[in-house]
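Student: Top line first, the protein sequences correspond to chains Y and C.
Mapped onto the working numbering, the consecutive letters of the first sequence carry residue numbers 75 to 572.
Mapped onto the working numbering, the consecutive letters of the second sequence carry residue numbers 19 to 227.
Even for Gly, the Cβ is constructed at its ideal location relative to N, Cα and C.
Got a structure for you, questions after.
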Amino acid sequence: MTKRIISLTVLVLLCFTFVTAYAEHTSDSSYIYDYWGSANESLNAFELSTVINSDNIEGVSIKSVDDVYYHNGQIFIADSLSNAVFVLDEDYNLVKQIKIIRDTEGEIVVDEDTNKQAILSAPEGVYANDRYLYIADTGNNRIFVLDINAVDENGEHTYPMNLVINKPENMVGSTEFTPSKITVDNADRIFVVVKNSTEGIIELNTDGSFSRFYGVNSPTVSLIDFFWRSIASKEQREQMSKIYAPAFANVQTDSDGFVYAVTTDTASEEMAFRFNAKGENVLRKFGYSEILGDLPSGTAAEGDATKSTFTDVAVTDYGVYALLDTSMNRVFLYNFDGNLLTVFGGKGDTKGKINTPSSICWMGNKLIVGDSKLACAFVFTPTDFGSLVLDAEEKYFNGDFDGAADLNQKIVNMNANYDHAYVSIGKNLLMQDNYADAMYNFRLGNDKTYYSTAFAGYRNLLIQKYFWIFAIVFIAFVVWVLWTEVSYSKKQKKLEEL
Amino acid sequence: MMKKLLEDFKYLTYVIFHPFDGFYEVRFRGKGNITLGAIILVLFGLLNIISYQYTGFIMNDNPQFAMNSITTFIFGIFPYILFCISNWSVTAIFEGSGKFGDIFTVVTYALFPKLILDVIVVILSNVVTAEEATILTAISAFGTIYFAFLVFAGLCVAHEYTAGTNVAMIIATFVAMIIIIFLAVLYITLIQKVVSFGYAFSAEFMKRW
Numbered sequence: 075m076t077k078r079i080i081s082l083t084v085l086v087l088l089c090f091t092f093v094t095a096y097a098e099h100t101s102d103s104s105y106i107y108d109y110w111g112s113a114n115e116s117l118n119a120f121e122l123s124t125v126i127n128s129d130n131i132e133g134v135s136i137k138s139v140d141d142v143y144y145h146n147g148q149i150f151i152a153d154s155l156s157n158a159v160f161v162l163d164e165d166y167n168l169v170k171q172i173k174i175i176r177d178t179e180g181e182i183v184v185d186e187d188t189n190k191q192a193i194l195s196a197p198e199g200v201y202a203n204d205r206y207l208y209i210a211d212t213g214n215n216r217i218f219v220l221d222i223n224a225v226d227e228n229g230e231h232t233y234p235m236n237l238v239i240n241k242p243e244n245m246v247g248s249t250e251f252t253p254s255k256i257t258v259d260n261a262d263r264i265f266v267v268v269k270n271s272t273e274g275i276i277e278l279n280t281d282g283s284f285s286r287f288y289g290v291n292s293p294t295v296s297l298i299d300f301f302w303r304s305i306a307s308k309e310q311r312e313q314m315s316k317i318y319a320p321a322f323a324n325v326q327t328d329s330d331g332f333v334y335a336v337t338t339d340t341a342s343e344e345m346a347f348r349f350n351a352k353g354e355n356v357l358r359k360f361g362y363s364e365i366l367g368d369l370p371s372g373t374a375a376e377g378d379a380t381k382s383t384f385t386d387v388a389v390t391d392y393g394v395y396a397l398l399d400t401s402m403n404r405v406f407l408y409n410f411d412g413n414l415l416t417v418f419g420g421k422g423d424t425k426g427k428i429n430t431p432s433s434i435c436w437m438g439n440k441l442i443v444g445d446s447k448l449a450c451a452f453v454f455t456p457t458d459f460g461s462l463v464l465d466a467e468e469k470y471f472n473g474d475f476d477g478a479a480d481l482n483q484k485i486v487n488m489n490a491n492y493d494h495a496y497v498s499i500g501k502n503l504l505m506q507d508n509y510a511d512a513m514y515n516f517r518l519g520n521d522k523t524y525y526s527t528a529f530a531g532y533r534n535l536l537i538q539k540y541f542w543i544f545a546i547v548f549i550a551f552v553v554w555v556l557w558t559e560v561s562y563s564k565k566q567k568k569l570e571e572l
Numbered sequence: 019m020m021k022k023l024l025e026d027f028k029y030l031t032y033v034i035f036h037p038f039d040g041f042y043e044v045r046f047r048g049k050g051n052i053t054l055g056a057i058i059l060v061l062f063g064l065l066n067i068i069s070y071q072y073t074g075f076i077m078n079d080n081p082q083f084a085m086n087s088i089t090t091f092i093f094g095i096f097p098y099i100l101f102c103i104s105n106w107s108v109t110a111i112f113e114g115s116g117k118f119g120d121i122f123t124v125v126t127y128a129l130f131p132k133l134i135l136d137v138i139v140v141i142l143s144n145v146v147t148a149e150e151a152t153i154l155t156a157i158s159a160f161g162t163i164y165f166a167f168l169v170f171a172g173l174c175v176a177h178e179y180t181a182g183t184n185v186a187m188i189i190a191t192f193v194a195m196i197i198i199i200f201l202a203v204l205y206i207t208l209i210q211k212v213v214s215f216g217y218a219f220s221a222e223f224m225k226r227w
């Protein structure tokens, strides 16, 4: 009877236990890939907080969101259907709607050749830095460079024109100059993506003259294709469909001046790139898997295994980058080393899902995801777990390893499936020469290379500690050898005497 | 019985270092022991399980959460038994004089050095770093190569083949292994089809009456 009463009391008490919710605005679950490539449950790191659309913002009618970009307190939204670029402030109030380009005197710019007023037509890309706002005026095959800091007497932004870039006269190649996405590095070189261009990214000089095609994306050629091609005659080969280099979908520069690029072409070998000045892919791949989004082997949380195709990339100052996938409409966050941090989003029209993803950008620690069909931009805010993850990555990137390890310890207390945090903790312990604990953490994080380093240190300590055992064994061995030699020679001598 | 086993085990240590002489004695002078061979094979299967679980973390690429000791055991010894069967079936046609017992003894005796080396590898793998792991891989590879050499020598003697014929026979053995596996898979699939048909038929039958 007493047992019953106790268990009943416990049951009642259990009903009133308060469990801290780490993601209170979302019912979504998240997943993460482990060392074995299987998808394990993980905590949700981002949750939908605000929706930017025509209903929520006074005085605008957004018909499509083709690109979003955030810089220095201003959100820029390129809308190809209403032929405008919207500028919002951090509280999502409209600052300016750019449809017509004006010069510094406030007069409408007139094109000298065609004698037409400079009106935006289907702009698909927008980029901003401290001095300029760049708009890819896709419909008119030109790029506008506007002054971002100019204000009129009322203190309102005017965005007067600084430069217009038409098709450069010295441009080579067969690519049409229809700029779709645009980014600028810290030396003011302009990188332009043209949709379906097989020649790579167009690099322009600061004055708008053509510099070169940048970055080459190699297509995958299957062995069977290669075989048939090798035995085909020249005429047959001409009739076969050509394998083109996959086109890039988007570009983004990071704070070090490297260019991140992504592709939606499934024929591409790699889906995400980080190009150095030479145009080589130097994306770091030290995570558990390649940077492919959903893994073909792993069954993701919703039971699908389609290849992820990325339409946009957003990079933070501390190397964490978000890839926006168009096949399952998910957002994949990777850190600088290529470890998968979290996955969120998904196909659908419900809260927290994305219908037609078009663009992504960071706003501080928040992520803005543009949805072209629903004509809105979703603002995703990090949950408690997500903030910890981002803080830990920032600290780690900036060299505060102790701080990062503390945060990672908190993270694994929340989410034991978050394997790469164990490796981070282990690395910090290894730097402190705490080998045994480092080994334990590397084992949990399945990192054999670092485990081996920690184990070497641990083994050295053991040998130092128990050196006398090794010494005794060695001395005993030497004595035994000497003794056998001596007794053998004695025997020989005895035999000789006989 | 035990005494005979011990005696034959002592002779086994001679065989692995002097394979041609040793296997001749084993084949024609009754110094072999099928029971001893079977014991080695079973130990080898057990070693497979042990190495799956207890190889050191640095060298262990097995998902331990998915371990199935019975499957590991069967898949560990199955290739050797299959090799014996198909070698016997091939050589029986091509004038090989070895009986099935002889082939089995040769293969299992040849496994003995590999068994010992693998035990050493499993133990040492727990105290090496990633750089030193290559040495253990080399030891293990040496065990496999030496096994192949012993099998080759043993089969030459057991079947009274020349080296050239023996090579041809071993190639034919591998082909036979593939055929056996193919037939086995085919048989299992067909049986499954029949069983599922019978099941569906009886289920339908019982639902209607």
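Would you kindly work out how many angstroms separate the C-alpha atoms of alanine 97/Y and lysine 170/Y, rounded to a whole number?
Tutor: Note that alanine 97/Y scores 49 on pLDDT, short of 50, meaning its location in the model is unreliable; the coordinates nonetheless yield the value given after this. Whole-angstrom Cα-Cα distance: 34 Å.
Student: At which residue ranges does the region 424 to 473 of chain Y contain complete alpha helix (DSSP H) runs of 4 or more residues, listed in the order of the chain?
Tutor: Qualifying alpha helix (DSSP H) stretches, in chain order: 458 to 471.
Student: Note down, in chain order, each residue of its chain lying with its Cβ closer than 7 Å to the Cβ of aspartate 423/Y, except the 5 sequence neighbours on either side.
Tutor: Counting only Cβ-Cβ distances below 7 Å, and skipping sequence neighbours, we find Asn429.
Student: Thinking C-alpha only, which one of Gly426/Y, Ala478/Y and Gly419/Y is nearest histidine 494/Y?
Tutor: Nearest of Gly426/Y, Ala478/Y and Gly419/Y to histidine 494/Y, Cα basis: Ala478/Y.
Student: I'd like to know whether the C-beta of serine 526/Y is nearer than 8 Å to at least one C-beta of chain C.
Tutor: So, interface residue.
Student: Is there a Cβ from chain Y that is less than 8 Å from the Cβ of valine 60/C?
Tutor: Output row for valine 60/C: interface = no.
Student: Quick one: any contact between the region 147 to 155 of chain Y and the region 185 to 204 of chain Y, if contact means 3 or more CB pairs under 8 Å?
Tutor: Contact between the region 147 to 155 of chain Y and the region 185 to 204 of chain Y is present, because at least three Cβ pairs lie under 8 Å.
Student: Which word fits phenylalanine 38/C, buried or exposed, when buried means at least 16 other C-beta atoms lie within 10 angstroms of its C-beta?
Tutor: Burial call: exposed.
Student: Touch check for the region 296 to 306 of chain Y and the region 346 to 356 of chain Y: three-plus C-beta pairs under 8 Å?
Tutor: Taking 8 Å as the limit for Cβ pairs, the verdict is that the region 346 to 356 of chain Y does not touch the region 296 to 306 of chain Y.
Student: When you compare the CB positions of threonine 400/Y and threonine 383/Y, do they come within less than 8 Å of one another, or not?
Tutor: Contact flag set, yes.
Student: Are methionine 187/C and threonine 126/C close, meaning C-beta to C-beta below 8 Å?
Tutor: No.
Student: Under 8 Å: do the region 109 to 119 of chain Y and the region 434 to 451 of chain Y share three or more Cβ pairs, one atom per stretch?
Tutor: The region 109 to 119 of chain Y is not in contact with the region 434 to 451 of chain Y.
Student: For serine 401/Y, does the three-state DSSP call read helix, strand or coil?
Tutor: It is coil, neither helix nor strand.
Student: Pull up the DSSP beta-bridge partners for glutamate 277/Y, would you.
Tutor: DSSP output for glutamate 277/Y lists Phe265/Y and Arg286/Y as bridge partner(s).
Student: Provide the residue(s) that pair with serine 104/Y in DSSP beta bridges, ordered along the chain.
Tutor: Beta-bridge pairing links serine 104/Y to Ser116/Y.
Student: Return helix, strand or coil for glutamine 576/Y, following the three-state DSSP convention.
Tutor: Nothing can be reported for residue 576/Y: it is not among the residues displayed for chain Y, which extend from 75 to 572.
Student: Residues in the region 276 to 307 of chain Y with C-beta within 9 Å of chain C's C-beta atoms, listed in sequence order?
Tutor: Hits within the stretch: zero.
Student: Run through DSSP, which three-state label would arginine 358/Y get?
Tutor: Here arginine 358/Y sits in coil by DSSP.
Student: According to DSSP, simplified to helix, strand and coil, what is alanine 196/Y?
Tutor: Looking at alanine 196/Y - three-state DSSP - the assignment turns out to be coil, as it is neither helix nor strand.
Student: Are the Cβ atoms of valine 183/Y and isoleucine 172/Y separated by less than 8 Å?
Tutor: For valine 183/Y and isoleucine 172/Y, no; Cβs fall outside 8 Å.
Student: Which stretch, first to last residue, makes up the beta strand (DSSP E) that contains proline 234/Y?
Tutor: Premise fails: proline 234/Y is in no beta strand (DSSP E) and is neither H nor E.
Student: For the region 68 to 83 of chain C, list every residue whose C-beta sits within 8 Å of some C-beta in chain Y, in sequence order.
Tutor: Going along the region 68 to 83 of chain C in chain order, one finds Phe75, Ile76 and Pro81 with a Cβ nearer than 8 Å to chain Y.
Student: Report yes or no: is there a C-beta of chain Y within less than 8 Å of the C-beta of alanine 194/C?
Tutor: So, not an interface residue.
Student: Is there a Cβ from chain Y that is less than 8 Å from the Cβ of alanine 156/C?
Tutor: So no, alanine 156/C is outside the interface.
Student: For glycine 377/Y, count the other beta carbons within 10 Å of its own beta carbon; 16 or more makes it buried, fewer makes it exposed. Which is it?
Tutor: In this predicted model, glycine 377/Y has a pLDDT of only 48, less than 50, meaning its place in the structure is not dependable; the value taken from the coordinates is given anyway. By the 10 Å Cβ count, glycine 377/Y comes out exposed.
Student: Is the CB of alanine 186/C under 8 Å away from at least one CB in chain B?
Tutor: Note that chain B does not occur in the displayed structure, where the protein chains are Y and C.
Student: Answer with buried or exposed for glutamine 506/Y, where buried requires no fewer than 16 other C-beta atoms within 10 angstroms of its C-beta.
Tutor: So glutamine 506/Y ends up on the exposed side.
Student: Go through its chain and collect everything with a Cβ distance to alanine 192/Y's Cβ below 8 Å, but skip five positions before and after it.
Tutor: These residues qualify, in order along the chain: Ile174, Ile175, Ile182, Val183, Val184, Asp185, Phe218, Met235 and Val238.
Student: Using the three-state DSSP reduction, which class does serine 329/Y fall into: helix, strand or coil?
Tutor: Here serine 329/Y sits in coil by DSSP.
Student: Would the beta-carbon of valine 267/Y fall within 8 Å of that of phenylalanine 322/Y?
Tutor: Yes; because the gap between Cβ atoms is below 8 Å, this pair is in contact.
Student: If you measure between the beta carbons of phenylalanine 459/Y and alanine 119/Y, is that distance less than 8 Å?
Tutor: Contact: yes.
Student: Following the continuous beta strand (DSSP E) through arginine 348/Y, name the residue where it begins and the one where it ends.
Tutor: Unbroken beta strand (DSSP E) run through arginine 348/Y: 346 to 349.
Student: Where glycine 216/C and leucine 204/C are concerned, what is the direct C-alpha to C-alpha distance, given to the nearest angstrom?
Tutor: Their backbone Cα atoms lie some 18 Å apart in a straight line.
Student: Helix or strand or just coil, what does DSSP make of glycine 419/Y?
Tutor: DSSP places glycine 419/Y in strand when its eight states are reduced to three.
Student: Applying the criterion that 16 or more other CB atoms from any shown protein chain within 10 Å of the CB defines a buried residue, is threonine 76/Y buried or exposed?
Tutor: The residue is exposed, with fewer than 16 neighbouring Cβ atoms inside 10 Å.
Student: Going straight from the alpha carbon of methionine 314/Y to that of valine 356/Y, what length do you get?
Tutor: Methionine 314/Y and valine 356/Y: Cα-Cα distance of roughly 33 Å.
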